[in-house]
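Written out as C-alpha cells, the structure is:
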C-alpha cells in the first residue's frame with residue numbers, strides 16, 4: 001500500500017489519477033487473501049480521486065490502529081460532518097461522513113463481534129443516516145434510499161432510516177413503497193409528528209390524483225345524457241278520448257234498449 005500513498009501525496013485537491021504500483025510497493029510477495037484479494041507478487045492499478053486533504057493528524061495508518069482507535073477516528077469525522085451539516089455545507093459534510101465510514105469498511109466490520117460491533121455501528125449507522133439527510137437536501141434521492149437501506153440491513157426497525165427512505169421514495173413518486181416505510185416507522189413511533197404529517201400528505205396526494213383521474217375520464221366519455229321528456233301526441237290523446245266517449249254512448253244505448 002506504500003505505492004498508493006506515495007502517488008496520492010503528489011496529487012492536488014480535486015485531481016483524478018491512475019497509478020500503476022509495482023508489487024514491491026503494493027501487497028508484496030505474499031499478497032492478500034482477505035479483502036481485497038490480491039495474488040502474490042501482483043502489480044496493482046489504482047484509479048484515485050483526491051477529494052480533499054485530511055486536517056486531522058491521526059498519527060498512524062488505519063491498518064496499524066486498534067479497533068478502539070479506528071472507531072474514535074471515525075467518530076471525530078462524524079462530529080466534523082455534523083458541524084458542516086448544521087452550517088448547510090452539505091458536500092463537505094458528505095465528505096466527512098464518507099471518511100468516517102471508510103474507517104469501518106466491510107473487511108473491518110466482518111471481524112467485529114459483541115460490544116465492539118455495537119460500538120462501531122453506533123458511529124457507522126448515524127453516518128449513513130446523516131448522508132441520507134444530505135442527499136435528500138441535494139435531491140439525490142436514489143442514493144439516499146441506498147444509505148438508509150444499509151442501516152436497515154443491520155437494524156430493520158430503525159425509525160430514522162425508515163422515515164428518510166420513505167421521504168426519498170415519496171419524492172421519486174414511489175408512493176406505495178413510501179407509505180409502507182412510514183407505516184412501519186409509525187408502528188415504533190406512533191406519536192411522531194413528522195411521520196404523521198408525511199402520511200397525511202400521501203393521503204392528500206392520493207385524493208388529488210383520484211380527483212384528477214375522475215376529471216380526465218369525465219372529459220373522455222362526457223357527462224351522461226339526461227333522458228329527454230317524451231312529447232305527448234295531442235292527436236293520439238284526442239283519438240283515445242273520442243273512442244272512450246263512443247264506448248260510453250254505446251253502453252248507454254244498450255242499457256236503454258234492454
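In the UniProt record's numbering, the protein residues as written are 1 to 258.
Even glycine gets a Cβ: it sits at the ideal position worked out from N, Cα and C.
Just so it is clear, the structure is predicted and the values come from calculations on it, not from any experiment.
Reducing DSSP to helix, strand and coil, say where residue 163 ends up. helix
What did DSSP end up calling residue 17 once you bin it into helix, strand or coil? strand
Anyone know if the C-beta pair for residue 272 and residue 130 falls short of 7 angstroms? Since the first residue of the chain shown is 1 and the last is 258, residue 272 is not available in this structure.
Report yes if the CB atom of residue 43 is closer than 7 angstroms to the CB atom of residue 75, and no otherwise. no
For residue 291, tell me which candidate among 48, 90 and 108 has the shortest Cα-Cα distance. The structure shown has nothing for residue 291, since the chain only spans 1 to 258.
Near residue 12, which residues of its chain fall below 8 angstroms by C-beta distance, leaving aside the five closest residues on each side in sequence? 50
Check whether the stretch 109–125 and the stretch 162–169 touch, using three or more Cβ-Cβ pairs below 8 angstroms as the test. no
Report all residues from its chain with a CB closer than 7 angstroms to the CB of residue 138; omit the five preceding and five following residues, and keep chain order. 90
With a Cβ-Cβ cutoff of 7 angstroms, do residue 144 and residue 132 count as a contact? yes
Just how far apart, CA to CA, sit residue 82 and residue 93? 7 angstroms
Euclidean distance between Cα positions of residue 245 and residue 214: 56 angstroms
Between which two residues does the alpha helix (DSSP H) carrying residue 136 extend? 114–137
Neighbour-count burial assignment, residue 55, 16 or more Cβ in a 10 Å radius: Note that residue 55 scores 47 on pLDDT, short of 50, meaning its location in the model is unreliable; the coordinates nonetheless yield the value given after this. So residue 55 counts as exposed.
Straight-line gap, residue 141 to residue 41 (C-alpha atoms, nearest Å): 42 angstroms
Can you name, in chain order, every residue of its own chain whose Cβ lies under 6 angstroms from the Cβ of residue 185, other than the five neighbours on each side? 159, 162, 163 and 195
Sequence-distant residues of its chain with Cβ nearer than 7 angstroms to residue 71 (five each side left out): 119, 120 and 123
Please classify residue 20 as buried or exposed, where buried requires at least 16 neighbouring CB atoms within 10 angstroms. exposed
Just the Cα atoms here: how many angstroms apart are residue 156 and residue 207? 30 angstroms
Note the first and the last residue of the continuous alpha helix (DSSP H) segment covering residue 51. Here residue 51 belongs to no alpha helix (DSSP H), and DSSP marks it neither H nor E.
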